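**Student:** Just so we're aligned, residue 146 is where the sequence shown starts under the working numbering, counting upward by one.
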Amino acid sequence: YSDLWILASYVAIEEMGGPKIPFRAGRSDKPSGEWCTPDGRLPDADKGTKPSTIGHIRQIFYRQGFNDQEIVALCGAHALGRCHTDRSGYSGPWTRAPTTFSNEYFRLLIETKWVPKKWNGPKQFENADGGDLMMLPADIALIEDADFKKWVDVYAKDEKKFFADFTKAYAKLTENGCKNLEKGGWF
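Okay, structure coming up:
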């Protein structure tokens, strides 16, 4: 099942217009959830202050062996999907095409004016020109930190570069801790 879940994510990304990610099989299943890695492998949406949120993002990804470029590339997955208040407390899509994998997330981050959303939920941002989109404080952190922002700028202008870097970073993420994976495997 471990390989199946990863393969499904690779195929879904490709089918939604994203890059083809070379698949390597050989992950091992475990008998129970006791073997799962602990929570905390993805950053929280907000740590209260800009410096705390930026530091938290780095701490989570650095301890897994990722650099700033890879962190920003992985965050580009926010081109997909949306937040639901009943699951995360946050609400709304990051882009107007939440089933299309593209560099739109990065373009919106830098081309849109983001303002705090006035509501009874957790701190999040909405686009000033209509409020139909949202960004989390962790998303806004990518344009408030100079080392992150330089990659946001690159990916906003060059979708091919984003796809190439995302492919490497996502494969690294999904192969992290795996041993003896076979190129192609059974697929």
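Just so you know, even glycine gets a beta-carbon here, dropped at the ideal spot from N, CA and C. Given the structure is predicted, the values throughout are model-derived calculations rather than measurements.
1) Return the chain-ordered list of same chain residues with a C-beta closer than 8 Å to the C-beta of A273, the five sequence neighbours on each side being excluded.
2) Cα-Cα, which of C228, N248, E160 and L326 is closest to D310?
3) Just the Cα atoms here: how many angstroms apart are K262 and F270?
4) Take A301 and list the residues in its own chain whose beta-carbon comes closer than 8 Å to its own, dropping the five residues that flank it on each side.
5) Using DSSP with H/G/I as helix, E/B as strand and the rest coil, what is G221?
6) Using only CA atoms, which one of K195, G193, D189 and P196 lies nearest to F206?
7) For P243, which option in A153, A170, N265 and M161 has the closest C-alpha, if you only look at C-alpha atoms?
8) Is G200 helix, strand or coil by DSSP?
9) In or out: E159 buried (at least 16 other Cβ within 10 Å) or exposed?
10) Looking only at its chain, what residues have a beta carbon closer than 6 Å to the beta carbon of G185, apart from the 5 residues adjacent to it on each side?
11) DSSP on P261, reduced to helix/strand/coil?
**Tutor:** By the coordinates alone:
1) T257, K258, W259 and V260
2) Nearest C-alpha to D310 among C228, N248, E160 and L326: N248.
3) Between K262 and F270, the C-alpha separation is close to 5 Å.
4) N248, F251, R252, L254, I255 and E256
5) helix
6) D189
7) M161
8) Correct three-state label for G200: helix.
9) exposed
10) none
11) strand
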